[in-house]
Amino acid sequence: MENESHVPVTTTGKMGNAVLIAEDDCSAINETLSLLSLKGMRESIVEGIKTPLDECSKDLEW
Numbered sequence: 819m820e821n822e823s824h825v826p827v828t829t830t831g832k833m834g835n836a837v838l839i840a841e842d843d844c845s846a847i848n849e850t851l852s853l854l855s856l857k858g859m860r861e862s863i864v865e866g867i868k869t870p871l872d873e874c875s876k877d878l879e880w
C-alpha cells in the first residue's frame with residue numbers, strides 16, 4: 819500500500835503509539851535536520867530567503 823497523500827498514519831498499541839510516514843518524507847526530515855545542524859546554515863538560509871531574486875547570482879561558482 820502506497821501513502822500518496824503523505825499523511826502520517828498513527829498506529830495504537832498496548833505499549834504506546836507509533837507514527838508511520840512516507841519514506842521520502844522521512845528522508846526530507848533527515849536532510850533538513852542534517853543541514854540545520856551545520857553551524858550558520860539556518861542563518862544562511864534565512865538570509866537567502868530574504869534576498870530579492872534580482873539580486874541573486876545567475877551563474878554559480880561551485
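Remember, my numbering sits 818 above the position in the sequence shown when you count from 1.
Where a beta carbon is used, it is the ideal one built from N, C-alpha and C, also for glycine.
Where does residue i fall in DSSP's three states?
i              : result
isoleucine 825 : First, the amino acid is wrong: residue 825 is valine here, not isoleucine. Looking at valine 825 - three-state DSSP - the assignment turns out to be coil, as it is neither helix nor strand.
threonine 830  : strand
alanine 836    : strand
glycine 858    : coil
threonine 850  : helix
Just to confirm, is the Cβ distance from residue i to residue j under 8 Å?
i             : j              : result
valine 837    : threonine 830  : no
proline 826   : isoleucine 847 : no
aspartate 860 : leucine 854    : Correcting the residue type first, residue 860 is arginine in the shown sequence and not aspartate. For arginine 860 and leucine 854, yes; Cβs fall inside 8 Å.
State the start and end residues of the unbroken alpha helix (DSSP H) segment that holds residue i.
i             : result
glutamate 879 : Looking at the DSSP string, glutamate 879 is not in any alpha helix (DSSP H), and its letter there is neither H nor E.
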